[in-house]
């Protein structure tokens, strides 16, 4: 039995310790906002936060996150996360989503990035691009993603 701290709640799971966090979230806990993209940590669709850091959940075994704080897209955009709400609102304002498949991972990476910035600091376009580099958008909405991240940063200043 493994206990994971997911979105502020202790969750008991009876799964193999090598099970990727992605499948524990989706199959065992019913948190389907985190997406399967590539299974090799190359696309970013599966991004969650582990102790505040953006992590690719498709290759992260649950044994490595026991006792750590896991946060999913459900909590970031639907809860009390001020930065997550700012990113979500900027995403809508800039009409970022096209097919939408990568968006949960994009939002999780953007939120983790913005939380690293000192209050009021506005990131340069190159900083945004570097922070978002591990997330693939097959629809090519990168300019809108960059604009939304910059807008979210401005709204948090």
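Numbering (full-length UniProt numbering), first residue to last: 1 to 157.
Backbone N, C-alpha and C fix where the C-beta goes; we use that ideal spot for every residue, glycine too.
Exercise. Can you give, in chain order, each stretch of the beta strand (DSSP E) that sits fully within the region 65 to 122 and has at least 3 residues?
Worked result: The qualifying runs are 69 to 71.
For this session: Pull up the distance between the alpha-carbon of residue 105 and that of residue 77, whole angstroms please.
Result: Each residue's alpha carbon lies about 12 Å from the other.
Exercise. According to DSSP, is residue 50 helix, strand or coil?
Worked result: For residue 50, the three-state secondary structure derived from DSSP is strand.
Exercise. What residues in its chain sit with their C-beta under 7 Å from that of residue 54, if we drop five residues either side in the sequence?
Worked result: Within the same chain, residue 54 has close Cβ partners 47, 108, 109 and 112.
Exercise. Which of the three DSSP states, helix, strand or coil, is assigned to residue 22?
Worked result: DSSP places residue 22 in helix when its eight states are reduced to three.
Problem set entry | Separation of residue 72 from residue 91, as counted between CA atoms | Within the model, the alpha-carbon separation for residue 91 versus residue 72 is close to 17 Å.
For this session: Kindly indicate which residue of 10, 7, 34 and 8 has the alpha-carbon position closest to the one of residue 20.
Result: Taking each of 10, 7, 34 and 8 in turn and checking the Cα distance to residue 20, the smallest one comes out for 34.
Problem set entry | Beta bridge counterpart(s) of residue 4 as assigned by DSSP | 11.
Problem set entry | First and last residue of the uninterrupted alpha helix (DSSP H) at residue 45 | Note, residue 45: premise wrong, no alpha helix (DSSP H); not H, not E.
For this session: Less than 8 Å between the CB atoms is what I'm expecting for residue 41 and residue 65, so what's the real figure, rounded?
Result: That pair is no contact at about 15 Å.
Exercise. Roughly how many whole angstroms lie between the Cα atoms of residue 63 and residue 1?
Worked result: Each residue's Cα considered, the two are about 11 Å apart.
Exercise. Nearest to residue 16 by CA position, among 3, 7, 45 and 103, is which residue?
Worked result: Out of 3, 7, 45 and 103, 3 has the C-alpha closest to the C-alpha of residue 16.
Exercise. What are the partner residues of residue 17, as DSSP defines its beta bridges?
Worked result: Paired residues: none, contrary to the question.
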